[in-house]
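*Asks:* Pasting in a structure now, in structure tokens, and then I'll have a few things to ask.
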Amino acid sequence: CTALADEVELALQKYATYNHPKYGTIYAFEGDGFGNHMLMDDANVPSLLAMPYLGDVDVNDTIYQNTRRFVWSEDNPYFFKGKAGEGIGGPHIGYDMVWPM
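Shown next, in the form of structure tokens:
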């Protein structure tokens with residue numbers, strides 16, 4: 001069981017990270033297997049922000065902290081900021097809407 005967990009962790013480091021020019025190495029939301037990455041996060045769980053909650057990474061992990069800075073920025077296509085507030089949305093709830101939960 002730990003061998004599989006170790007294999008998944010190595011695969012995440014190899015295939016699910018992206019060297020962002022502004023944030024450094026971050027976790028990608030998706031990878032297509034051809035070296036392309038979707039850079040975003042979805043406010044639901046599971047998500048990139050929920051990785052420490054789910055036990056995937058330590059909250060102080062450098063890549064996670066870089067990812068967190070990216071997700072809470074206007075570089076994330078699903079980060080929205082307006083007069084009433086700001087937050088993370090996602091493709092399932094409509095553009096320009098934060099997930100209220």
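Taking UniProt numbering, the leading residue of the sequence shown gets 1, the next gets one more, and so forth. Just so it is clear, CB atoms sit at the ideal spot from N, CA and C, and this is done for glycine as well.
Would you grab the beta carbon distance between L54 and P46 for me? Rounded to a whole angstrom, and I think it's under 8 Å.
*Replies:* Going by Cβ atoms, the distance from L54 to P46 rounds to 6 Å, so yes, they are a contact pair.
*Asks:* Determine the burial state of M51: buried for a count of at least 16 other Cβ atoms within 10 Å of its Cβ, exposed for fewer.
*Replies:* Buried.
*Asks:* Are the CB atoms of G89 and D96 nearer to each other than 9 Å?
*Replies:* A contact, by the Cβ cut-off of 9 Å.
*Asks:* Identify whether E86 lies in helix, strand or coil by the three-state DSSP scheme.
*Replies:* Reduced to three states, the DSSP call for E86 is strand.
*Asks:* K14 lies in the alpha helix (DSSP H); which residues open and close that run?
*Replies:* Element bounds for K14: T2 to Y15.
*Asks:* Determine the closest residue to N76 out of Y15, A16, A11 and L49, with distance taken between C-alpha atoms.
*Replies:* Considering only alpha carbons, the answer is L49.
*Asks:* Determine whether the beta carbon atoms of Y78 and A43 lie at a separation below 9 Å.
*Replies:* Yes; because the gap between Cβ atoms is below 9 Å, this pair is in contact.
*Asks:* Excluding the 5 residues preceding and the 5 following I26 in the sequence, name in chain order all residues of the same chain whose CB lies nearer than 6 Å to its CB.
*Replies:* Around I26: Y18, H20, N66, T67 and F70.
*Asks:* Apart from the five residues on each side of it in sequence, which residues of its chain come closer than 7 Å, Cβ to Cβ, to S73?
*Replies:* Within the same chain, S73 has close Cβ partners F79.
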